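Each residue of the sequence shown is one higher than the one before, counting from 349 in the working numbering.
So the structure is just underneath, and the comments pick up after that.
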Amino acid sequence: MYFSKLTAMFMSFNLSAKLALFCNGIALRVVLLCLACLSFTIKAQTVEVLTEYLPPFQQQNDDGSLGGYATEVIHRLFEITQDEADIKVIPWARAYDRALNEKNILIYSISHTKKRHELFHWVGSLRYEQFHFWGLKTNFSQPISELPLLKNISVAATNEHNSEQYLTEHGFNNVYRVVNNNQPIQMLYNHRVNMILGNSLIIKSQAIDLGFQESLLMPIASAPELDNSLDIAFSKTSDIDLVKRFQAAFKQLEESGELAEIKVKWRIFDDGIF
Numbered sequence: 349m350y351f352s353k354l355t356a357m358f359m360s361f362n363l364s365a366k367l368a369l370f371c372n373g374i375a376l377r378v379v380l381l382c383l384a385c386l387s388f389t390i391k392a393q394t395v396e397v398l399t400e401y402l403p404p405f406q407q408q409n410d411d412g413s414l415g416g417y418a419t420e421v422i423h424r425l426f427e428i429t430q431d432e433a434d435i436k437v438i439p440w441a442r443a444y445d446r447a448l449n450e451k452n453i454l455i456y457s458i459s460h461t462k463k464r465h466e467l468f469h470w471v472g473s474l475r476y477e478q479f480h481f482w483g484l485k486t487n488f489s490q491p492i493s494e495l496p497l498l499k500n501i502s503v504a505a506t507n508e509h510n511s512e513q514y515l516t517e518h519g520f521n522n523v524y525r526v527v528n529n530n531q532p533i534q535m536l537y538n539h540r541v542n543m544i545l546g547n548s549l550i551i552k553s554q555a556i557d558l559g560f561q562e563s564l565l566m567p568i569a570s571a572p573e574l575d576n577s578l579d580i581a582f583s584k585t586s587d588i589d590l591v592k593r594f595q596a597a598f599k600q601l602e603e604s605g606e607l608a609e610i611k612v613k614w615r616i617f618d619d620g621i622f
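See the structure below:
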């Protein structure tokens, strides 16, 4: 009788111990899960992303959404970092000003010039560009080799674009500064100015998208000082951990070959697509 009671007590104690261990195991798993969720919450954040329409890098899809080569790269970066993108399409001058003065702003696609090098944290290069002055064949019979001869010719440029900054720095006298990135080429084809400044990929893409005959365009003169890469960048005061996270994600895209695949998909090459 005594032995039976002792056995029953032992079994009861053993069951209680197992139950306690089971409960402790569940509790431990819950704690670890909560810690993992907390870690993810601390790491992941919503990042304000500023851009402009600049086909084929950033362009409006038929459904009104934002697409384009650079936008696809941006979405992949956010998938890798697991952060959330709050993308806003605004006039470039405003985007540039905010990226200069506010924290944790991601901006694309931005020319990586010498003047801007120390002003931003650079995430990665989307494409290498070569710049030219462009005009209509009806207005120019041949290229112009000397820069001083260009300075009095009317030219349109978007505010705070690297092209507009270049024209200002080099003392061009007849510059029409505009807000919308499509305005310079519209002004050129509507004979309101005689020149614009840009690279062949973007200039010709804009002409086609706006319904103009791109074969009428001709390069008038090169602007080698503007040759640079078109990049993704963070504002200078951004959290360094955030910057490094996106730099690592971009490096992953490069080393895996995925960035090259996206370029091929969009027919993006350093020497142009035309």
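We treat Cβ as the ideally placed atom computed from N, Cα and C, and that holds for glycine.
Note that this is a predicted model, so its numbers are computed, not measured.
Query	Result
Closest Cα partner of R464 within the set Y476, A447, H480	A447
Backbone CA spacing between I588 and D575 [nearest angstrom]	28 Å
Nearest residue (CA-CA) to E603, options E512, A571, L402, G472	G472
Buried/exposed call for K613, threshold 16 Cβ in 10 Å	exposed
Minimum C-alpha distance to E432 - residue among V395, T461, P404	V395
The segment 417-435 / the segment 552-560 touching (three or more Cβ pairs under 8 Å)	no
Which listed residue (S457, H469, S459) has its alpha carbon closest to that of N449	H469
Candidates I550, P439, Q393, N452, of which the one nearest T399 by Cα	P439
Three-way DSSP call (helix, strand, coil) for N522 in this model	coil
Secondary structure of L558, DSSP reduced to three states	coil
L467 versus L590, Q595, A581, residue with shortest Cα-Cα distance	A581
Chain-order list of residues whose beta-carbon lies under 8 Å from that of N482 (same chain, five-residue window excluded)	First, the residue type needs correcting, since residue 482 is Trp and not Asn in the sequence shown. Excluding residues within five positions, the ones whose Cβ falls inside 8 Å are L536, M543, I544, L545, G546, I551, L565, M566, P567, I568.
Close-in-space but distant-in-sequence residues of the same chain around Y417 (CB under 6 Å, 5 per side omitted)	P404, F405, W614, I616
Among N452, V437, Q531, I533, nearest to K592 - alpha-carbon criterion	N452
CB of Y456 within 9 Å of CB of V541, strictly	no
Cutoff 6 Å; reference L607; Cβ partners in own chain excluding five residues on either side	L601
8 Å CB neighbourhood of Y444 in its chain, flanking five on each side removed	I455, I458, E508
Whole-number beta carbon distance between Q393 and Y401, since they are thought to touch under 8 Å	In fact, because the Cβ distance is near 26 Å, the residues do not count as touching under 8 Å.
Backbone secondary structure at H465 - three-state DSSP	helix
CB contact flag (Y524, A505, <9 Å)	yes
Among G559, Q531, P572, D434, the one whose alpha carbon lies nearest that of V696	Only positions 349 to 622 of the chain appear in this structure, which leaves residue 696 out of reach.
Proximity below 9 Å, CB of L498 to CB of F520	yes
Inter-residue CB distance, N487 and N522 (contact presumed, cutoff 8 Å)	No, N487 and N522 are not in contact; Cβ-Cβ is about 14 Å, not under 8 Å.
Contacts around Y514, its chain only, beta-carbon distance under 6 Å, and the 5 residues preceding and following it disregarded	L574
Span separating the alpha-carbon of E512 from that of Q534	16 Å
From A571, S577, S548, residue whose alpha carbon lies closest to that of S563	S548
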